[in-house]
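Protein chains in written order, with our numbering: chain S, 4 to 176; chain B, 4 to 176.
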């Protein structure tokens, strides 16, 4: 599928409502982490989305657009949410994410990116040369990855309740 | 997590809006199948959800509740949607699914199931002995499984666009 900003925005603009539909009314038994599990709970994942809006996608795009390819991005802290989300509620995180995403997509749209700009290079601290199109594509796939992580975490809560049906349910494996 | 009908219903009642939020406004490049792929497209998955509402979950629960454990369920046709969905639109399938789910959850709630009823046995044509609680739990996990399948299918559309970031994105593997 050829990359087009408008199509990337279709997915990116859906994510806040997808998360709210999926999690907004769930009782805490669903959304809290299983004790002693190292898997991320939906609460953890929401904090991670928020940290990405604040420090990853648009800030990195700005580096590519303004400063050129020789400045490496700041490494992204994949565990920042464990401190940052302390004391917050799931509903609060859903709202914060929706607001940040809205603002970031307004910024993205305001750039009216050209095909030439999408090919501008950047330097990832670990992966090396990237470009703006790859960054925006990764933003999209990252959204979907973590929806997948959330539905997997929810499914695992019923991992034993399904009994012999487990055999048919690859999400539990 | 201990099974409770109300908590199962939380997830089951969310799914129509989750699917609409995820797919409702996407251009067909996102929702159509990659040619020659045997993976299910979001369109295929929606047809499968609909067929489940019509022939699987509530009908099987009714067999368990009314007829006892010695009547095996009708085998569920996992490929029925390829014929049944022909000529339909994605938007139409989203609406049909939402209506059927709403009706089925009304039926489920109207039963006011007791703990004793949840333990009533049924016979799965392949898996053997099951019970009503396991059937309802499987309905929940099945919903989540196919949300997972849809987001994975969407992510794969950008499988090459992300470039070197692919390494970090387990959804693409």
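Where a beta carbon is used, it is the ideal one built from N, C-alpha and C, also for glycine. The structure presented is a predicted model; accordingly, all values stated were derived computationally and were not measured.
Test item: CB-CB of residue i and residue j under 8 Å
i, j, result
"residue 160 of chain B", "residue 33 of chain B", "yes"
"residue 133 of chain S", "residue 11 of chain S", "no"
"residue 74 of chain B", "residue 66 of chain B", "yes"
"residue 16 of chain S", "residue 164 of chain B", "no"
"residue 172 of chain B", "residue 18 of chain S", "no"
"residue 47 of chain S", "residue 85 of chain S", "yes"
"residue 154 of chain S", "residue 24 of chain B", "no"
"residue 167 of chain S", "residue 130 of chain B", "yes"
"residue 14 of chain B", "residue 157 of chain S", "yes"
"residue 61 of chain B", "residue 110 of chain B", "yes"
Closest Cα partner of residue i within the set the options
i, options, result
"residue 31 of chain S", "S/166, S/18, S/113 and S/93", "S/93"
"residue 118 of chain S", "S/107, S/135 and S/79", "S/135"
"residue 138 of chain B", "S/115, S/162 and S/137", "S/162"
"residue 63 of chain B", "B/107, B/170 and B/155", "B/107"
"residue 59 of chain B", "B/81, B/169, B/40 and B/45", "B/81"
"residue 145 of chain B", "S/104, S/170, S/95 and S/127", "S/170"
"residue 116 of chain S", "S/103, S/68, S/83 and S/45", "S/68"
C-beta neighbour in chain S for residue i, strict 8 Å
i, result
"residue 56 of chain B", "no"
"residue 32 of chain B", "yes"
"residue 84 of chain B", "no"
"residue 52 of chain B", "no"
"residue 168 of chain B", "yes"
"residue 105 of chain B", "no"
"residue 73 of chain B", "no"
"residue 44 of chain B", "no"
"residue 76 of chain B", "no"
"residue 136 of chain B", "yes"
"residue 141 of chain B", "yes"
"residue 100 of chain B", "no"
"residue 49 of chain B", "no"
"residue 173 of chain B", "yes"
"residue 96 of chain B", "no"
"residue 25 of chain B", "yes"
Exposure label - residue i; buried when at least 16 CB within 10 Å
i, result
"residue 42 of chain S", "exposed"
"residue 151 of chain S", "buried"
"residue 122 of chain B", "exposed"
"residue 77 of chain S", "exposed"
"residue 56 of chain S", "buried"
"residue 70 of chain S", "exposed"
"residue 112 of chain S", "exposed"
"residue 178 of chain S", "Given that chain S is displayed from residue 4 to residue 176, the structure contains no residue 178 of chain S and the question cannot be resolved."
"residue 50 of chain S", "buried"
"residue 100 of chain S", "buried"
"residue 125 of chain S", "buried"
"residue 5 of chain S", "exposed"
"residue 88 of chain B", "buried"
"residue 40 of chain B", "exposed"
"residue 45 of chain S", "buried"
Any chain B beta carbon closer than 8 Å to residue i
i, result
"residue 118 of chain S", "no"
"residue 122 of chain S", "no"
"residue 61 of chain S", "no"
"residue 176 of chain S", "no"
"residue 158 of chain S", "yes"
"residue 115 of chain S", "no"
"residue 125 of chain S", "no"
"residue 154 of chain S", "yes"
"residue 17 of chain S", "yes"
"residue 36 of chain S", "no"
"residue 14 of chain S", "yes"
"residue 21 of chain S", "yes"
"residue 70 of chain S", "no"
"residue 148 of chain S", "yes"
"residue 40 of chain S", "no"
"residue 130 of chain S", "yes"
"residue 111 of chain S", "no"
"residue 29 of chain S", "yes"
Bridge partner(s) assigned by DSSP for residue i
i, result
"residue 126 of chain S", "S/75 and S/132"
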